[in-house]
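Undergrad: The structure that follows is given in the form of structure tokens.
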Amino acid sequence: MTMKTFFAVSAAAMIASSAALAGGLDFETTDQNADGFVSFKEIQAVAKDITAESFLEADGDKDGVLSTEEFSALVK
């Protein structure tokens, strides 16, 4: 990876994290495969500040993914 690519990826990650911290995390955007659920991998792609522990706590039915309701409770 070149330095230019590294900085571009880093900047994109910081912007995504900033949106998450500001409450701008959107379910439809985060659900990258459009299956109606958000996986930990999907949420980590846009919000690195959300830990596995907080994700698991938000997963009320313990199915390994977040529904819209679970997602909303996590990012509020």
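Read left to right, the sequence shown gives residues -22 to -1, 1 to 54 (mature numbering (1 follows the signal peptide of the UniProt record, and there is no 0)). For every residue, glycine included, the Cβ atom is placed at its ideal position computed from N, Cα and C.
Distance, Cα to Cα, Asp41 vs Lys(-19)?
TA: Mapped onto the sequence shown, residue 41 falls at position 63. Mapped onto the sequence shown, residue -19 falls at position 4. Each residue's Cα considered, the two are about 39 Å apart.
Undergrad: Quickly, what does DSSP pair Leu44 with across the bridge? List them, please.
TA: For the purposes of this step, residue 44 is taken as residue 66 along the sequence shown, with counting starting at 1. Answer is Val16.
Undergrad: Note down, in chain order, each residue of its chain lying with its Cβ closer than 8 Å to the Cβ of Glu50, except the 5 sequence neighbours on either side.
TA: As a working note, residue 50 is residue 72 in the sequence shown. The amino acid occupying residue 50 in the given sequence is Ser; Glu does not appear at that position. Answer for Ser50: Phe5, listed in chain order.
Undergrad: Does DSSP put Lys26 in a helix, in a strand, or in coil?
TA: The count along the sequence shown starts at 1 and reaches residue 26 at position 48. It is coil, neither helix nor strand.
Undergrad: Helix, strand or coil: which one does DSSP assign to Lys(-19)?
TA: The count along the sequence shown starts at 1 and reaches residue -19 at position 4. Helix, per DSSP.
Undergrad: Taking the Cβ atom as the reference point for each residue, do Asp27 and Val16 lie within a distance shorter than 8 Å?
TA: Numbered from 1 along the sequence shown, position 49 holds the residue referred to as residue 27. Numbered from 1 along the sequence shown, position 38 holds the residue referred to as residue 16. Cβ distance not < 8 Å, so Asp27 and Val16 don't count as in contact.
Undergrad: Return the chain-ordered list of same chain residues with a C-beta closer than 6 Å to the C-beta of Leu52, the five sequence neighbours on each side being excluded.
TA: Start at 1 with the first residue of the sequence shown, and residue 52 comes out as number 74. Same-chain partners within the cutoff: Ala36.
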